[in-house]
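Throughout, our numbering is defined as the position within the sequence shown, counted from one, plus 96. A virtual CB, placed ideally from N, CA and C, is assigned to each residue, including glycine. This report refers to the structure that appears directly beneath it.
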Amino acid sequence: MGTSSPESFLDAVYRLAATYTSRGSTTEATQLRDVADTAKEKAAAGGAGGAAVLEDLGALVKTYLESARWNIAIDLGVLVLNARKALLGEKDPSTLTAMSNLASAYWGQGRWKEAANIGHRVTDLRRRTLGDEHPQTLTSMSNLASTYSRQGQWRDAEILQVKVLEVRVKTLGRDHPSTMTSMGNLAVTYGNLGRYADEEKLERHLIELGEAKLGAMDGSVLTWKSNLAETYREQGRLESANRLHLLVFNARKDTLGIQHPLTLTSMANLASTYRQQGRWEEAEHLENCVVKTSEAVLGRDHPQTLMAVGNLASTYCRQGRLRDAAGLWTRVVALMKTVLGDHHPDTLTAMADLAVTYQRQGQLSDAETLMIQTLNGMKATLGQEHPHTLTAMANLGMIYQSQGRWEEAGDLAEQVYAGRRKILGEEHSDTALALEDLMRIARVEAADRTMQASEHPSNLILIHQ
97 MGTSSPESFL
107 DAVYRLAATY
117 TSRGSTTEAT
127 QLRDVADTAK
137 EKAAAGGAGG
147 AAVLEDLGAL
157 VKTYLESARW
167 NIAIDLGVLV
177 LNARKALLGE
187 KDPSTLTAMS
197 NLASAYWGQG
207 RWKEAANIGH
217 RVTDLRRRTL
227 GDEHPQTLTS
237 MSNLASTYSR
247 QGQWRDAEIL
257 QVKVLEVRVK
267 TLGRDHPSTM
277 TSMGNLAVTY
287 GNLGRYADEE
297 KLERHLIELG
307 EAKLGAMDGS
317 VLTWKSNLAE
327 TYREQGRLES
337 ANRLHLLVFN
347 ARKDTLGIQH
357 PLTLTSMANL
367 ASTYRQQGRW
377 EEAEHLENCV
387 VKTSEAVLGR
397 DHPQTLMAVG
407 NLASTYCRQG
417 RLRDAAGLWT
427 RVVALMKTVL
437 GDHHPDTLTA
447 MADLAVTYQR
457 QGQLSDAETL
467 MIQTLNGMKA
477 TLGQEHPHTL
487 TAMANLGMIY
497 QSQGRWEEAG
507 DLAEQVYAGR
517 RKILGEEHSD
527 TALALEDLMR
537 IARVEAADRT
547 MQASEHPSNL
557 ILIHQ
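This is the structure we're talking about:
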């Protein structure tokens, strides 16, 4: 796009406004035209029209980011970035800010690869021009780590987050908002890596600092409370998770509105807790709301929408609505492979859920093939002892049990129990389930050996006639 002169840049703004008018997005179109008209008037009066419109439109991009209006933020962000590059060069601070804003817009839309590519470039340029410990460099590193997390590259995210946290503790102190944000990001990564004890310890410390510094209902503090609630859910502490998720959901609904992505996330988290508690109707009601709103606000192919559809499929599966669940999971897996890639953790989780649904429908061969593929992907991506890998292993073992392949099922059950005891602890409900599974297989194998022994020739009674 030719935006090297103020005139060509203003023409590009008017064309973008016309595009949004044709889409029926009159609010955005009016905002764009108003800014361009003001800049044109300044230019006619001898003012710096091009510079003024760049500043005004850059501020408008930030407004769109803050209100989660990703499409217009991207369209306008690309335009502003190209103009700043042409007028000021790639290394200018305002160009780097425009680049960072565009990466944030891609991140919000779930376009992780594009966000990562820009994030790499911004981080590299800021390191070279500002130094490793400059606040803007640290912000770029933190944003890049968040993109890694969304791509499932949690070890890469951890490396960057630890560096950022160390510098911020040293330069700003532990209770500075930026330091606390870094702490929260690292805690989430610990959870993604299955290090739940480390995650809980850091989140509890963080909430204590945040409530004292920012207040109990601050947006960041609510995010940390939501993360702690998810940690409780992963640990099987469902009542604690439910109370905290409900608190966060109500606070976000009141302050952000029901359609905000963070409110939708809270609603989805609360529904997942209801599902684990066996409260199917409440879970289904919330999940249907999340799906419909996410499709309207974010789009049908957005990763957050796909997660919402997957959650609804899980509830259908628990209710015994297997055909409905399989239909949703098939759609989710296909779209996640396209949007996120075959080896993204969310894609692998969806594949595992589809395989479990196949098993419950009696499609054991399809279930086995898909679960083996999933397990191999999780081993490569998450590691042998990650809780999700162990769950996939347990599910494959259940498929083997359905097929009467008790020896193979027993081998997997031993690995699952040992892994969960090590990672989750002896008291965790998943560890207890693994032990029950192992004992059940042992009883079946013992009964099978007893039956075989009773049929051995040395144990048969000869009947003479």
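Alpha-carbon to alpha-carbon, residue j and residue i
i	j	result
Ala201	Ile170	6 Å
Asn384	Leu408	7 Å
Pro102	Asp188	18 Å
Met97	Lys433	In this prediction, Met97 scores a pLDDT of 42, lower than 50, which makes its location untrustworthy; the coordinate-derived value is nonetheless stated afterwards. Rounded to whole angstroms, Met97 to Lys433 spans 32 Å at the Cα level.
Ala337	Glu151	44 Å
Arg251	Arg223	21 Å
Arg165	His398	13 Å
Pro553	Gln499	Residue confidence is low: Pro553 scores 49 on pLDDT, short of 50, so the model does not pin down where it sits. No coordinate-derived value is stated.
Leu183	Val317	40 Å
Asp133	Ala476	55 Å
Thr361	Val263	30 Å
Met403	Ser236	27 Å
Leu256	Ser238	7 Å
Tyr370	Thr411	10 Å
Val176	Val109	9 Å
Gly120	Gly521	55 Å
Ala392	Arg501	46 Å
Leu305	Leu261	15 Å
Leu324	Ser274	19 Å
Ala543	Ile537	10 Å
Arg396	Ser390	8 Å
His356	Glu162	10 Å
N- and C-terminal bounds of the alpha helix (DSSP H) containing residue i
i	result
Asp462	Leu460 to Thr477
Leu256	Trp250 to Leu268
Ser190	Pro189 to Gly204
Arg419	Leu418 to Val435
Leu310	Leu310 -> no alpha helix (DSSP H), and no H or E assigned at all.
Leu394	Neither: Leu394 is in no alpha helix (DSSP H) and is coded neither H nor E.
Gln232	Pro231 to Arg246
Ile170	Trp166 to Leu184
Gln457	Element bounds for Gln457: n/a, residue is neither H nor E.
Arg375	It is not in any alpha helix (DSSP H) - Arg375 carries neither H nor E in the DSSP assignment.
Asp507	Trp502 to Ile519
Asp350	Leu334 to Leu352
Close beta carbons around residue i, own chain, < 8 Å, minus the five adjacent residues each side
i	result
Arg181	For the sequence presented, residue 181 should be read as Lys rather than Arg. Cβ neighbours of Lys181 beyond the five flanking positions: Thr191.
Leu172	Leu112, Leu128, Leu153, Leu156, Val157 and Tyr160
Leu558	Confidence at Leu558 is low in this model, with a pLDDT of 40, below 50, so its placement is unreliable and the value that follows should be read with caution. Closer than 8 Å at Cβ, skipping near neighbours: no residue.
Glu330	Gly287, Tyr292 and Pro483
Val131	Val109, Val149, Asp152, Leu153 and Leu156
Closest by C-alpha distance to residue i, when choosing among the options
i	options	result
Val348	Asp314, Gln372 and Met494	Before going on, a small fix: residue 348 reads as Arg here, not Val. Minimum Cα distance to Arg348 is reached at Asp314.
His341	Leu366, Pro357 and Thr359	Leu366
Leu298	Ala308, Leu282, Cys385 and Ala212	Leu282
Ser196	Ala164, Ser163, Gly227 and Thr233	Thr233
Glu377	Gln400, Ala114, Gln415 and Gly311	Gln415
Gln373	Gly204, Ser118 and Ser525	Ser525
Lys309	Gln331, Val284, His482 and Thr277	Thr277
Thr485	Glu503, Glu391 and Arg516	Arg516
Arg539	Leu520, Leu436 and Ala505	Ala505
His216	Thr389, Ser390 and Ala253	Ala253
Glu519	Gly479, Arg501, Lys138 and Arg536	A small fix is needed here, since residue 519 is Ile in this sequence, not Glu. With distances taken between Cα atoms, Ile519 lies closest to Gly479.
Gly280	Gly248, Leu240 and Ser322	Ser322
Glu503	Thr225, Arg536, Gly473 and Glu541	Glu541
Asp220	Gly204, Leu240 and Trp203	Leu240
Cutoff 6 Å; reference residue i; Cβ partners in own chain excluding five residues on either side
i	result
Ile168	Glu124 and Tyr160
Leu534	Ala509 and Tyr513
His560	Reliability fails at His560, whose pLDDT of 36 lies under 50, so the model's placement of it is uncertain and the value that follows must be treated cautiously. Here the set comprises nothing.
Asp462	Tyr454
Leu289	Trp250
Ala379	Ala367, Tyr370, Arg371 and Thr411
Ala212	Thr243
Val429	Ala446, Met447 and Leu450
Nonlocal neighbours in the same chain, by C-beta distance under 7 Å from residue i, ignoring five residues either side
i	result
Met467	Ala448, Ala451, Ala488, Asn491, Leu492 and Ile495
Leu352	Leu358 and Thr359
Thr327	Gly287, Tyr292, Glu295, Glu296 and Glu299
Met363	Phe345, Leu382, Cys385 and Val386
Gly453	Reading off the sequence shown, one finds Thr at residue 453, where the question assumed Gly. Excluding residues within five positions, the ones whose Cβ falls inside 7 Å are Cys413, Leu418, Ala421, Ala422 and Trp425.
Leu460	Ile495, Ser498 and Gln499
Thr225	Lys187
Contact with chain C by residue i, beta-carbon distance below 8 Å
i	result
Lys259	The structure shown has no chain C; it contains just one protein chain.
Evaluate contact between the stretch 197–211 and the stretch 229–246, counting only Cβ atoms and requiring at least three cross-stretch pairs below 8 Å. Result yes; three or more Cβ-Cβ pairs closer than 8 Å.
Touching or not, the stretch 525–535 and the stretch 505–517, by the rule of three or more beta carbon pairs under 8 Å? yes
For the stretch 284–298 and the stretch 262–271, state whether three or more C-beta atom pairs, one from each stretch, are separated by less than 8 Å. Below 8 Å, too few C-beta pairs join the stretch 284–298 and the stretch 262–271 to call them touching: fewer than three.
Is the stretch 463–481 touching the stretch 437–448, taking contact as three or more C-beta pairs under 8 Å? yes
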